[in-house]
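Novice:
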Amino acid sequence: MKRRGFIALAGGTVGWTASGHAQAMPVIGYLGSETQERYASRLEAFRKGLEGAGYVEGRNVAIEYKWAEGQYSRLPALAKELVDRKVTVIVAAGGAEVALAAKAATTTIPIVFEMGGDPVALGVVGSLSRPGGNLTGVSSLSVEVSRKRLEFMRELRPTSAKFAVAINLASPTSGAQLKNLQGAAEALGVELVVLTASTESEFAGMFAAVRESGAGGLVFSSDPYFAYRSPQLAALAVRHAVPAMTQSRDFPLAGGLMSYGGDFSQSHRQAGTYAGRILKGEKPAELPVQRVTRVELFINLKAAANLGITFPPSLLGSADRVIE
Amino acid sequence: MPSTVPAQDSLKGTSLFWKYFRGLFLAVAGPVLVAGASEAWFGYHDQRARLSERLDAEARLAAVKIQDFIEGIEDQLSWTVQLPWSETNGDRRILDAMRLLRQAPAVESLMLVDGTGRERLFVSRIGLNRIEGGTDRSATPAVAGARADRTWFGPVTFQAGSEPFMTVAVAGNRTAVGVAIAEVNLKFIWEVISGINIGRTGMAYVLDQPGRLIAHPDISLVLRVDEAVQRPLRDLRAAIVEGLPGEAAAGQDIMGMNVMAAMIQIPGVNWSVVVKQPVAEAFAPIYAALWRLGLLLVAGTAVAAAFAWYLSRRLVGPIQVLEDGVARIGAGQFDHRIDLPRSDEFGRLAARFNEMALELSVSRQRSERIGRLKRFLAPQVAELIDRTGDDRVLDGRRVEVVVVFCDIRGFTSFSSQAEPEAIIDVLREYYDVLEKVVSAHGATLINFFGDGVMVLLNAPVPTPEPALRAVQMASDMQVSVQKLLVNWRAQHPQLGFGVGLAMGPATVGRIGSEGRLNYTAIGNVVNLASRLCASAEDTEILVDRVVAEAVGSRAPLVELEARELKGFDRPVPVFAVGDGQRSGRSGDSGALDDKRINWT
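The following block contains the structure:
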């Protein structure tokens, strides 16, 4: 059954590409907001998912990459290029901006997105169970758990009554996240210092501002722009001796204090699986949007020691990984 | 020669070969086929029963795995409800709760309620934690249910219309320890369900009591929460429920593939764990066995056919060889020999036939020779040889014979005057009459030469009393020919008939070439008889002394005057049969009758 479907699809693809392109393999158009290097770990997970569905890059599927290199304004044009290129399926991975750019570019080519926010709230799909149209994808819970980061930071720094939050105003989820964080601050009884940064050049100033404001720590909102610059942020956090927390495990792994967010390797792997299933002929409208099941807490004890911070046992106990 | 026709004939219609072949084939293939069919029948039923058992066992195993998943969460929860609530152990509780979230990834949030039903702690992966929330939860179904039954399972709900969740509440062994309430993300069952393989491509899935899909290896089916799509899975469960207990049910899955399925109900949550396997795969061992059996039967039948063919050939082959041989021999090919080097009945039969062919060949050679002789010998001689089957009597030898000559007087002048037709008619009647007389007396008609006829007695066949016989025959000849002469003389009065005979040794035998073969006698006696005939008057029968002496008084003989005969130095004594009086030339038949010889 599956095999027959695959053969039929492969046959169809051959016929289709023969008219426009001289390529026999189906082509995945991969749209990313950053560079191949920054996406390396995500791509690895994606390929794993693709392989699970029976596709190996270069063997029975070609992947054409389009990188915005951090300039999100380029995404619509890149998405358009992929549409013009008539790829079999577009994978828009790494955030709502990418998904929205792809969605705006085509209503016919299937799109598999991977993002941290709520795709329903962002208007990417109508519902999780029945996405409809040509889109489906995976959502990590990163955006939703921004408040949990504030909670963890508060737990770590119980004496502080003021915390800084970093927001990227260019992100479509910034408003929702700020509201989420403000609600949490209220519940936790802490004061928020809202800092914004949309470019790398603003990072240093942001860390400096944390020190100046006397905040107990810096909590990053969930944003791919931040997530893909984890090593940079970790270096700045170390340099400015700021206890900081992001959504991405890359941050504590690069020397940052801790992270809490959806497991991106799971979400990218699922995106790969979905891309493979669509290549096999399944319709995106029939593939429900998946949410990752794992939200992971990473703690870097070395960074904590450098900052002179001791983790309470409740935090250590619930950490998925403790870097010593 | 029709050498190949018999072989073809034997293969047509109801040939013995096909009769033997059919009989032998049925004798061998029949039992094989009957045994094979019964084996297939019983094997099929055994395999079906085994399939049901296997699927049932798989369903049980799958159910145990799902149950383990639920019980694992129950166990985790039960740890948090072991100690009664007191003011001092709050931090400890938080730690336990955090640890539980870490240990049980499927638990999305945990709420601990104390003995009075107040919420004391709420920890979540997504939402904010609450410590000492204090809300009275005693009226919630979870708390009430857990207090009543220790463990309570809520209905399955689909968060955001997609993700299946279930509330599990566990109460401690006494009221004071409170209740732990967990929101369990049922997507985690995927890890369990996708690890269950039924055969090669079979799988398991879980339905809740109303028939909603909770777990399936393809998680997207669960997340779609599409009743229409899930319908086949519900129908399959219904088919199992309606079917006989312990018997795998047949149905169709979402892809429309025919499957065999079994189900086990998990108590408590009231879920149905259904295992299904494509019919093609489930029945693969049965099909394989049937195929194997089929192949064996085909092979067995082929062997039976080959065996029957071989045996029939062995049986009928010699018969065909015999038939062919006999047909050839029957068609005259007597040099044909049936080549059947066997020591059995067929071999002996072939030998008999060969002997027969040999005899036939000898006999034909003889009859051919006789046939050849018959063409050139006088018919009487030939017939004789034909009768005895031996022509050695024709071999040359010297024997005492009686030679009889007779001819028509005045025939030369008759033949020069008469029409050819008349001559031929006269001769034909004359010959007919003489031939009858000659053969009546067992004499051999040696030759006709015009009106002259030479007849031999005692050769080639010995005749008793040849002289007497010759005299009697000569008299009969006279009587018969004289009757003819009565008519002929009306036109040709000069015609008459005379006979001369002599007895003595002569050389007899075949003379002449193959194409012109004659039996004749050579010797003085032939000359003498010829001369006596020439010397005889009409109606006269002249015999020599030897004949007269041999006849003696048994016939009326009259010694005539010795005559000068050509070729004889001295006058030859001559005897006439009868009273010695010659009948007149003009004498009628009545006169002839009067002069008939009185035989003693």
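Line by line, the protein sequences give chains A and B. By my numbering, the letter at position 128 of the first sequence is numbered 128, and the numbering carries on one by one without gaps. Take any residue in the second sequence, count from 1 to its spot, add 324: that is its number in my numbering. Yeah, the Cβ is synthetic: ideal placement off N, Cα and C, and Gly gets one too.
Kindly indicate which three-state DSSP category Gly-824 (chain B) falls into: helix, strand or coil?
Specialist: For the purposes of this step, residue 824 (chain B) is taken as the residue at position 500 of the second sequence. DSSP places Gly-824 (chain B) in the strand class (E or B) of the three-state scheme.
Novice: Using three-state DSSP, classify Asn-594 (chain B) as helix, strand or coil.
Specialist: Position 270 of the second sequence, counted from the start, is the residue given in the question as residue 594 (chain B). Note: Asn-594 (chain B) maps to coil in three-state DSSP.
Novice: Applying a beta-carbon distance threshold of less than 9 Å, which residues of chain A neighbour Phe-345 (chain B)?
Specialist: For the purposes of this step, residue 345 (chain B) is taken as the residue at position 21 of the second sequence. Chain A residues near Phe-345 (chain B): none, gap ~47 Å exceeds 9 Å.
Novice: Answer yes or no: do Asp-559 (chain B) and Gly-575 (chain B) have a C-beta to C-beta separation smaller than 8 Å?
Specialist: Working through the second sequence from its first residue, we reach residue 559 (chain B) at position 235. Working through the second sequence from its first residue, we reach residue 575 (chain B) at position 251. Contact flag set, yes.
Novice: List the residues that DSSP assigns as beta-bridge partners of Glu-487 (chain B).
Specialist: Here the question's residue 487 (chain B) lines up with position 163 in the second sequence. B:Gln-483.
Novice: Quick check: Leu-257 (chain A) and Ala-187 (chain A), are their CB atoms within less than 8 Å of each other?
Specialist: Residue numbering aside, residue 257 (chain A) sits at position 257 when the first sequence is read from its first letter. Residue numbering aside, residue 187 (chain A) sits at position 187 when the first sequence is read from its first letter. Cβ atoms of Leu-257 (chain A) and Ala-187 (chain A): not closer than 8 Å.
Novice: Give the DSSP-derived three-state secondary structure of Phe-311 (chain A) in the structure shown.
Specialist: Taking the first sequence and counting its residues from 1, the one referred to as residue 311 (chain A) is at position 311. DSSP places Phe-311 (chain A) in coil when its eight states are reduced to three.
Novice: Considering Cα atoms alone, identify which of A:Leu-192, A:Gln-266, A:Ile-323 and A:Glu-212 is closest to Phe-251 (chain A).
Specialist: Locating residue 251 (chain A) in the first sequence gives position 251, where the first residue counts as 1. Nearest of A:Leu-192, A:Gln-266, A:Ile-323 and A:Glu-212 to Phe-251 (chain A), Cα basis: A:Ile-323.
Novice: Taking one C-beta from the segment 358-367 of chain B and one from the segment 659-670 of chain B each time, how about it: are there three or more such pairs within less than 8 Å?
Specialist: no
Novice: Drop a sphere of 10 angstroms on the beta-carbon of His-21 (chain A), count the other beta-carbons inside from all chains shown, and report buried for 16 or more, exposed for fewer.
Specialist: What you label residue 21 (chain A) is simply residue 21 of the first sequence in a count that begins at 1. Residue placement at His-21 (chain A) cannot be trusted, given a pLDDT of 44 that sits under 50; what the coordinates show is reported in the next sentence. Exposed, because fewer than 16 other Cβ atoms sit within 10 Å of the Cβ of His-21 (chain A).
Novice: In this structure, does DSSP put Gln-576 (chain B) in helix, strand or coil?
Specialist: What you label residue 576 (chain B) is simply residue 252 of the second sequence in a count that begins at 1. Gln-576 (chain B) falls in the strand class under three-state DSSP.
Novice: On a Cα-Cα basis, can you pick out the residue from B:Gln-371, B:Val-686, B:Thr-768 and B:Ala-632 that is closest to Gly-656 (chain B)?
Specialist: On the second sequence, position 332 is the one that residue 656 (chain B) refers to. Comparing Cα positions, the closest option is B:Val-686.
Novice: In or out: Phe-446 (chain B) buried (at least 16 other Cβ within 10 Å) or exposed?
Specialist: Here residue 446 (chain B) is taken as the residue at index 122 of the second sequence, counted from 1. When all chains shown are included, Phe-446 (chain B) counts as buried.
Novice: Given Met-422 (chain B), which residues of its chain have a CB within under 7 Å of its CB, disregarding the five upstream and five downstream residues?
Specialist: Counting from one through the second sequence, the residue named residue 422 (chain B) turns up at place 98. Cβ within range, chain order: Val-447.
Novice: Give a yes or no on whether the C-beta atoms belonging to Ser-248 (chain A) and Arg-548 (chain B) are separated by under 8 Å.
Specialist: For the purposes of this step, residue 248 (chain A) is taken as the residue at position 248 of the first sequence. For the purposes of this step, residue 548 (chain B) is taken as the residue at position 224 of the second sequence. At least 8 Å separates the beta-carbon of Ser-248 (chain A) from that of Arg-548 (chain B).
Novice: Taking the alpha-carbon positions, what's the His-540 (chain B) to Val-492 (chain B) distance?
Specialist: As a first step, residue 540 (chain B) is located in the second sequence; it is residue number 216 there, counting from the start. As a first step, residue 492 (chain B) is located in the second sequence; it is residue number 168 there, counting from the start. His-540 (chain B) and Val-492 (chain B): Cα-Cα distance of roughly 21 Å.
Novice: Any beta carbon from chain B within less than 8 Å of Ala-187 (chain A)'s own beta carbon?
Specialist: The residue labelled residue 187 (chain A) in the question sits at position 187 within the first sequence. Taking Cβ atoms only, chain B reaches closer than 8 Å to Ala-187 (chain A), which makes this a yes.
Novice: Strictly below 7 Å CB to CB, what residues from chain B border Ser-127 (chain A)?
Specialist: To locate residue 127 (chain A), count along the first sequence from 1; it is residue 127. Those are Gly-485, listed as they occur along chain B.
Novice: Counting only beta-carbon separations shorter than 8 Å, does Gly-175 (chain A) have a partner in chain B?
Specialist: Taking the first residue of the first sequence as position 1, residue 175 (chain A) is located at position 175. Output row for Gly-175 (chain A): interface = no.
Novice: Please tell me whether Ser-127 (chain A) and Gly-441 (chain B) are closer than 8 Å, where the distance is taken between their beta carbons.
Specialist: Mapped onto the first sequence, residue 127 (chain A) falls at position 127. Mapped onto the second sequence, residue 441 (chain B) falls at position 117. No, they are not a contact pair.
Novice: Distance, Cα to Cα, Phe-772 (chain B) vs Ile-732 (chain B)?
Specialist: What you label residue 772 (chain B) is simply residue 448 of the second sequence in a count that begins at 1. What you label residue 732 (chain B) is simply residue 408 of the second sequence in a count that begins at 1. Rounded to whole angstroms, Phe-772 (chain B) to Ile-732 (chain B) spans 12 Å at the Cα level.
Novice: On the DSSP bridge assignment, give the partners of Ile-835 (chain B) in chain order.
Specialist: On the second sequence, position 511 is the one that residue 835 (chain B) refers to. B:Asn-842.
Novice: Which partner residues of Cys-857 (chain B) appear in the DSSP bridge assignment?
Specialist: As a first step, residue 857 (chain B) must be located in the second sequence, where it is residue number 533. DSSP, once it has assigned bridges, lists no residue as partnering Cys-857 (chain B).
Novice: If contact means a Cβ-Cβ distance below 9 Å, which residues of the segment 442-476 of chain B contact chain A?
Specialist: Val-447, Ser-448, Arg-449, Ile-450, Gly-451, Leu-452, Asn-453 and Arg-454
Novice: Beta-carbon within less than 8 Å of Met-680 (chain B)'s beta-carbon, same chain only, minus the 5 sequence neighbours each way: which residues are those?
Specialist: For the purposes of this step, residue 680 (chain B) is taken as the residue at position 356 of the second sequence. So the qualifying residues of the chain are Ile-653.
Novice: In whole angstroms, what is the alpha-carbon distance linking Gln-36 (chain A) and Phe-298 (chain A)?
Specialist: Working through the first sequence from its first residue, we reach residue 36 (chain A) at position 36. Working through the first sequence from its first residue, we reach residue 298 (chain A) at position 298. Straight-line Cα distance between these residues: approximately 24 Å.
Novice: Look at the alpha carbon of Leu-718 (chain B) and the alpha carbon of Ala-874 (chain B), and state the distance between them as a whole number of angstroms.
Specialist: For the purposes of this step, residue 718 (chain B) is taken as residue 394 along the second sequence, with counting starting at 1. For the purposes of this step, residue 874 (chain B) is taken as residue 550 along the second sequence, with counting starting at 1. About 25 Å.
Novice: Check for me: the beta strand (DSSP E) holding Met-25 (chain A) runs from which residue to which?
Specialist: The residue labelled residue 25 (chain A) in the question sits at position 25 within the first sequence. Segment: none, Met-25 (chain A) is in no beta strand (DSSP E) and carries neither H nor E.
Novice: What would DSSP say about Thr-17 (chain A), mapped onto helix, strand or coil?
Specialist: Your numbering for residue 17 (chain A) matches position 17 in the first sequence. Per-residue confidence for Thr-17 (chain A) stands at a pLDDT of 41, beneath the threshold of 50, marking its modelled position as unreliable; the derived number appears in the next sentence. If DSSP states are grouped into helix, strand and coil, Thr-17 (chain A) belongs with the helices.
Novice: Taking the alpha-carbon of Leu-31 (chain A) as reference, which of A:Arg-42, A:Ala-24 and A:Lys-162 has the nearest alpha-carbon?
Specialist: For the purposes of this step, residue 31 (chain A) is taken as the residue at position 31 of the first sequence. The candidate whose alpha carbon is nearest that of Leu-31 (chain A) is A:Arg-42.
Novice: Any beta-carbon of chain B closer than 8 Å to the one on Ser-248 (chain A)?
Specialist: If you number the first sequence from 1, residue 248 (chain A) lands on position 248. Not an interface residue.
Novice: Along the alpha helix (DSSP H) that carries Leu-809 (chain B), what are the first and last residues, could you check?
Specialist: Counting from one through the second sequence, the residue named residue 809 (chain B) turns up at place 485. Where Leu-809 (chain B) is concerned, the enclosing alpha helix (DSSP H) stretches over 790-812.
Novice: Is it buried or exposed, Gly-774 (chain B), if we count other Cβ atoms within 10 angstroms and call 16 or more buried?
Specialist: Here residue 774 (chain B) is taken as the residue at index 450 of the second sequence, counted from 1. Answer is exposed; the Cβ neighbour count stays below 16.
Novice: Could you spell out where the beta strand (DSSP E) holding Glu-296 (chain A) opens and where it closes?
Specialist: By one-based count along the first sequence, residue 296 (chain A) stands at place 296. 295-300 is the extent of the beta strand (DSSP E) around Glu-296 (chain A).
Novice: If you follow the alpha helix (DSSP H) that Thr-404 (chain B) is in, where does it begin and where does it stop?
Specialist: Residue numbering aside, residue 404 (chain B) sits at position 80 when the second sequence is read from its first letter. Where Thr-404 (chain B) is concerned, the enclosing alpha helix (DSSP H) stretches over 340-404.
Novice: Is DSSP giving Gln-290 (chain A) helix, strand or coil here?
Specialist: Reading the first sequence from its first residue, position 290 is the one you call residue 290 (chain A). Here Gln-290 (chain A) sits in strand by DSSP.
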